[in-house]
Amino acid sequence: MSNLTVQDLPAVTTTPCTPGCRCSANEDELFAGSERAYDIVFKGTIDFFAVKAATDLGLFEAMGDGVHELNALAEATGTVPMRLEKFLITLKEIGIARLVEGKWALTPFAVQFFTDPEHHRNLTMVPFVDYISSLVQTFYVNLADVVRGKMDFTSLVPYPPRNREDNVFYETIHRSNVHFPIRLLREHAKMEGITRLLDVGGGIGDISSALCEAFPELNVTLINLDSAVELVSENVASRGLAERITPLALDMYKQPYPQTQAVMFARILYPMNEQFSTMMLKKAFDAIEPGGRIFILDMVISDQNKPNYDYLTHYICSIGMGFSVLDFKDHELYTKILEGIGFTDVTMHAAYDHVLYQAVKP
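This is the structure:
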């Protein structure tokens, strides 16, 4: 989408398209609007389905970070060379592929986000492509019937997850875009002097692992579902942190939290309404020792000038649910909530489309 803004003295059309034209008379506004409309109808369609097709063809794996002849790529992907060439030209137009002396390669952008997810595990789109593709085919195309009440949302994988396989699915998705949230924590979280942290709903442990690597005195108890504990143990052990990160099976909504110096909610509270968020933060307050701290790391979902499409892919599913706590809570409510519970010294840092709130228990 263009960054074009309406000028102080906008151009005004003097040539309506038809005698009954109802187009905006503000030409600058009309042009900016047309670009946004094109993005909605054309850009999103081509971007996603081209990437999906490349994934289905195994093209990202075949190309990797090398340079390839067209015929070799066609043989590797089981495609017709002439058709593959047109598809590669399409990928070139949208910044996925590039020509290098007559041969084909992926752009650095595509290598980062669409290849080798294990080595880009905290910043990759690979797990999301299949996930969104499945949602498109099973839910999004039927959204009108969902709104009519003729169809409900059914999760592709049971939630809450019941077994190891279910947890692998969700934890792989959750860990795949935490690079910048981790950076925000490393840059601004006041962890000095904290040796015991409770990570509520801490996923597979990648965020806690990054904090332990940045703060050598830190030890973490990580709350997750019983079916996820084994995965957490394996993950932190692979990073040499088994002695410092301990998974704990606990219902974070119903059970009290163990006493600790600090509590962290990392990308847990952002979709919850004010009432639910207050309940969770009160549980944290009760668990934190005097002088201890709370950390709230959230995606920003309430910026009217920048919709959070990551969150919207989930929120739109709630249309087909009988009950959901998903909301568009303004993160600025945290100051009021935290101070109302009894926390002091509330601070906020915003960066990378996330916010980090911190406060002290007196």
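Numbering (full-length UniProt numbering), first residue to last: 1 to 362. Note that beta-carbon positions come from the ideal geometry of N, C-alpha and C, so glycine has one too.
Do you know whose CA, among the options, lies nearest residue i's CA?
i: Y257; options: I245, E274, N235, F285; result: F285
i: R164; options: L198, E192, L231; result: L231
i: M348; options: G342, G340, A359, E339; result: A359
i: I288; options: A25, I194, E75; result: I194
i: Y309; options: F128, W104, N142; result: F128
i: I223; options: F265, V346, G291; result: F265
i: M252; options: E234, L281, R22, A262; result: L281
i: M321; options: F215, M151, D166, K283; result: M151
i: L297; options: D166, A351, P108, G291; result: A351
With DSSP as the reference, label residue i as helix, strand or coil.
i: L218; result: coil
i: A189; result: coil
i: V67; result: strand
i: T313; result: helix
i: E289; result: strand
i: R121; result: coil
i: F295; result: strand
i: T90; result: helix
i: T246; result: strand
i: R164; result: helix
i: L30; result: helix
i: V325; result: coil
i: T5; result: Low confidence applies here, because T5 scores a pLDDT of 49, under 50, leaving its location unreliable; read the following figure in that light. Residue state, collapsed to three classes: coil.
i: A53; result: helix
i: E179; result: Position check: residue 179 holds His in this sequence, whereas Glu was assumed. If DSSP states are grouped into helix, strand and coil, H179 belongs with the helices.
i: D226; result: helix
i: K150; result: coil
i: Y357; result: strand
Can you name, in chain order, every residue of its own chain whose Cβ lies under 6 Å from the Cβ of residue i, other than the five neighbours on each side?
i: Y38; result: none
i: Q7; result: Note on Q7: pLDDT 47, under 50, position unreliable in the model; no value is reported.
To which residues of the same chain is residue i closer than 8 Å at the C-beta, ignoring the five residues directly before and after it?
i: P271; result: I301, Y311, H314, Y315, V325, L326, D327, K329
Compute the beta-carbon to beta-carbon distance between residue i and residue j, rounded to the nearest angstrom, for a pair I have assumed lies under 8 Å.
i: L356; j: A189; result: 7 Å
i: L184; j: L218; result: Contact flag wrong, Cβ pair sits at about 17 Å.
Apart from the five residues on each side of it in sequence, which residues of its chain come closer than 7 Å, Cβ to Cβ, to residue i?
i: F113; result: T124, M125
i: M1; result: Any reading at M1 needs caution, since the residue's pLDDT is 43, under 50, leaving its predicted position unreliable; the model's value is listed next. Hits under 7 Å: E35, R36, D39.
i: V236; result: G205, S209, A242, I245
i: I46; result: I94
i: P247; result: L222, N224, V229, V232, S233
i: V100; result: V67
Quick one: does residue i have its CB under 9 Å from some CB of chain B?
i: L338; result: Here there is only one protein chain, and chain B is not present.
Are the stretch 325-332 and the stretch 300-310 touching, with three or more C-beta to C-beta distances below 8 Å?
When C-beta atoms of the stretch 325-332 are compared with those of the stretch 300-310, three or more pairs fall below 8 Å, so the two segments count as touching.
Pairs of beta-carbons, one from the stretch 88-97 and one from the stretch 39-58, closer than 8 Å: are there three or more?
Touching, yes.
Examine the Cβ distances between the stretch 139-149 and the stretch 177-192 and report whether three or more of them are shorter than 8 Å.
The stretch 139-149 vs the stretch 177-192: no contact.
Taking contact to mean 3 or more Cβ pairs, one atom from each stretch, closer than 8 Å, check whether the stretch 270-279 and the stretch 240-250 are in contact.
Short answer: they don't touch.
Across the stretch 148-158 and the stretch 309-324, are there enough close Cβ pairs to call them in contact, namely three or more that are closer than 8 Å?
Yes: at least three Cβ pairs fall under 8 Å.
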